[in-house]
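S.K.:
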Amino acid sequence: MANDSGSRGQRVGYIRVSTVEQNNQRQKELLNASGRIDRFFEDKISGRTKTARPGLVECMAYVRDGDELVVSSIDRLARSLTDLRGIVDELTDKGVTVTFLHENLSFSKGASDPRADLMLGILGSFAEFERAIIRERQAEGIALAKKAGKYKGRKPALSPQQVVEIKQRVLAGESKAALAREFGVTRPTVYRALKNA
Numbered sequence: 096m097a098n099d100s101g102s103r104g105q106r107v108g109y110i111r112v113s114t115v116e117q118n119n120q121r122q123k124e125l126l127n128a129s130g131r132i133d134r135f136f137e138d139k140i141s142g143r144t145k146t147a148r149p150g151l152v153e154c155m156a157y158v159r160d161g162d163e164l165v166v167s168s169i170d171r172l173a174r175s176l177t178d179l180r181g182i183v184d185e186l187t188d189k190g191v192t193v194t195f196l197h198e199n200l201s202f203s204k205g206a207s208d209p210r211a212d213l214m215l216g217i218l219g220s221f222a223e224f225e226r227a228i229i230r231e232r233q234a235e236g237i238a239l240a241k242k243a244g245k246y247k248g249r250k251p252a253l254s255p256q257q258v259v260e261i262k263q264r265v266l267a268g269e270s271k272a273a274l275a276r277e278f279g280v281t282r283p284t285v286y287r288a289l290k291n292a
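Position 25 (the sequence shown) corresponds to 120 in the numbering used here; numbering is contiguous.
Here you go:
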């Protein structure tokens, strides 16, 4: 949906947390402390690309020339340097100013600042490096836990009893999609459970 209000120059906030369990309050408070925010867009997932984050897609469709997109930190907007540069370029080409509060950086159409561009590249690279280190440490920790017999993996979305019940109800003619909704899981989860049952 396009931004069609009569006023110009809205300040729009974008918030992203990596999991549903994480709290967005800290980011929201930081954005509000920076000044008036007319509208918030939010993603509670860890999507690697822009298209995997519906809140960001909606936000980018909403903002227009003269608006400012305010983000708490570079790593909240993008997961890779390539994605970061692409998003910032797309927004500034539309005439939207992009502001990163934590890094104290701002990008806008026609405002060429080589130092800001360099900082964006450096900070984006550091964010990528940090994520790679975290993944490496996590993999090492899991390997050690498996070796010690302590790693059980993620808890299954459906218990064995639920899988049996779903299988019986599917055989009785119930819709897999309806059962997925009822059990609070996705359809692919139901299909996998039935395939492995």
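Positions of the beta carbon are idealized from the N, C-alpha and C atoms, including for glycine.
Between R111 and the rest of its own chain, which residues show a CB-CB distance below 6 angstroms, the 5 nearest in sequence each way excluded?
M.R.: The sequence position of residue 111 within the sequence shown is 16, counting from 1. Excluding positions up to five away in sequence, the list reads D138, R171.
S.K.: Closer than 8 angstroms is the cut-off here; do at least three beta carbon pairs connect the stretch 218 to 226 with the stretch 167 to 185?
M.R.: Because the criterion of three Cβ pairs below 8 angstroms is met, the stretch 218 to 226 and the stretch 167 to 185 touch.
S.K.: Can you check whether the CB of K262 is closer than 8 angstroms to the CB of A238?
M.R.: As a first step, residue 238 must be located in the sequence shown, where it is residue number 143. As a first step, residue 262 must be located in the sequence shown, where it is residue number 167. Contact flag unset, no.
S.K.: What does the Cβ neighbour count give for S100, buried or exposed, with the cut at 16 atoms within 10 Å?
M.R.: Along the sequence shown, one-based indexing puts residue 100 at 5. Its pLDDT being 45, under 50, S100 is placed unreliably by the model, and nothing is read from it.
S.K.: Bridge partners for E124 per DSSP, in chain order?
M.R.: The residue you call residue 124 lines up with position 29 of the sequence shown. In the DSSP output, where bridge partners are listed per residue, E124 has none listed.
S.K.: Take K247 as the anchor and find which of R264, G236, K204 has the nearest alpha-carbon.
M.R.: Taking the sequence shown and counting its residues from 1, one reaches residue 247 at position 152. Closest by alpha carbon: G236.
S.K.: On the CB-based measure, 16 or more other CB atoms within 10 Å of its CB, does T281 come out buried or exposed?
M.R.: Indexing the sequence shown from 1 puts residue 281 at position 186. Answer is exposed; the Cβ neighbour count stays below 16.
S.K.: Taking the beta strand (DSSP E) that G108 belongs to, which residues open and close that run?
M.R.: Mapped onto the sequence shown, residue 108 falls at position 13. Element bounds for G108: 106 to 111.
S.K.: Excluding the 5 residues flanking F195 on each side, which residues of the same chain have their C-beta closer than 7 angstroms to its C-beta?
M.R.: Here residue 195 corresponds to residue number 100 of the sequence shown, with the count starting at 1. Around F195: V166, S168, I169.
S.K.: Pick helix, strand or coil for V259, following the three-state DSSP scheme.
M.R.: One-based indexing of the sequence shown puts residue 259 at position 164. It is helical.
S.K.: Do you know whose CA, among G190, A211, R131, lies nearest L200's CA?
M.R.: Your numbering for residue 200 matches position 105 in the sequence shown. Residue A211 is the option with its Cα nearest to L200.
S.K.: According to DSSP, is V165 part of a helix, a strand, or is it coil?
M.R.: Here residue 165 refers to the residue found at position 70 when the sequence shown is read from its first residue. V165 falls in the strand class under three-state DSSP.
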